[in-house]
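First residue of the sequence shown? That's 4 in my numbering, and the numbers climb one at a time after it.
Note that CB positions come from ideal geometry on N, CA and C, so glycine has one too.
None of the values given here were measured: they were computed from a predicted structure.
Structure record follows, encoded as structure tokens.
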Amino acid sequence: MDKIPTDSLEAELPPEALRKVDSQNQSGEDDLLPHSGVQLWVHRLLVLLLVFVCAAMGVLLLILPWRPEWTDNHFLLGSPGLRTFVSNGFVRGLCSGLGLLDIWIGFWEAVHYHETNRH
Numbered sequence: 004m005d006k007i008p009t010d011s012l013e014a015e016l017p018p019e020a021l022r023k024v025d026s027q028n029q030s031g032e033d034d035l036l037p038h039s040g041v042q043l044w045v046h047r048l049l050v051l052l053l054v055f056v057c058a059a060m061g062v063l064l065l066i067l068p069w070r071p072e073w074t075d076n077h078f079l080l081g082s083p084g085l086r087t088f089v090s091n092g093f094v095r096g097l098c099s100g101l102g103l104l105d106i107w108i109g110f111w112e113a114v115h116y117h118e119t120n121r122h
């Protein structure tokens, strides 16, 4: 397909239409399209899912490194070096810190969620 040159389109449009298109592009109104009801609920559910996953993973990472299951599991029985590394207090603390960060991210997303008025 051949592209239509924009110069020929601009020549055919009245000046009022060109000013309106330019003002819409500059103000960013093209980005603010209204959401339908289904899109809004899908967005709400995705945010809720994100908050739930972040909170669940955060709690898991916060508690699990200090449980016996952290080192006494099927995956680490064949690798004593990795088991020693994983049982190190620094590694456990690092995982717990990541869990706290994950919980904070989940709650931050929940608190800062707002629906923009796109009318």
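Assigned exposure category for residue i - 16 Cβ within 10 Å defines buried
i: D75; result: exposed
i: L64; result: buried
i: G109; result: buried
i: G40; result: exposed
Assigned secondary structure, residue i (DSSP; H/G/I helix, E/B strand, else coil)
i: R70; result: coil
i: D33; result: Below a pLDDT of 50, predicted positions are generally treated as unreliable, and D33, at 45, falls in that range; no measurement from the model is reported.
i: R47; result: helix
Through-space distance from residue j to residue i, alpha-carbon basis
i: L103; j: A59; result: 11 Å
Practice prompt. Identify every run of the alpha helix (DSSP H) within the stretch 60-121, keeping only runs that are complete inside it and at least 4 residues long; order them along the chain.
Written response: Residue ranges of uninterrupted alpha helix (DSSP H) with 4 or more members, entirely inside the stretch 60-121 and ordered along the chain, are 83-89 and 92-114.
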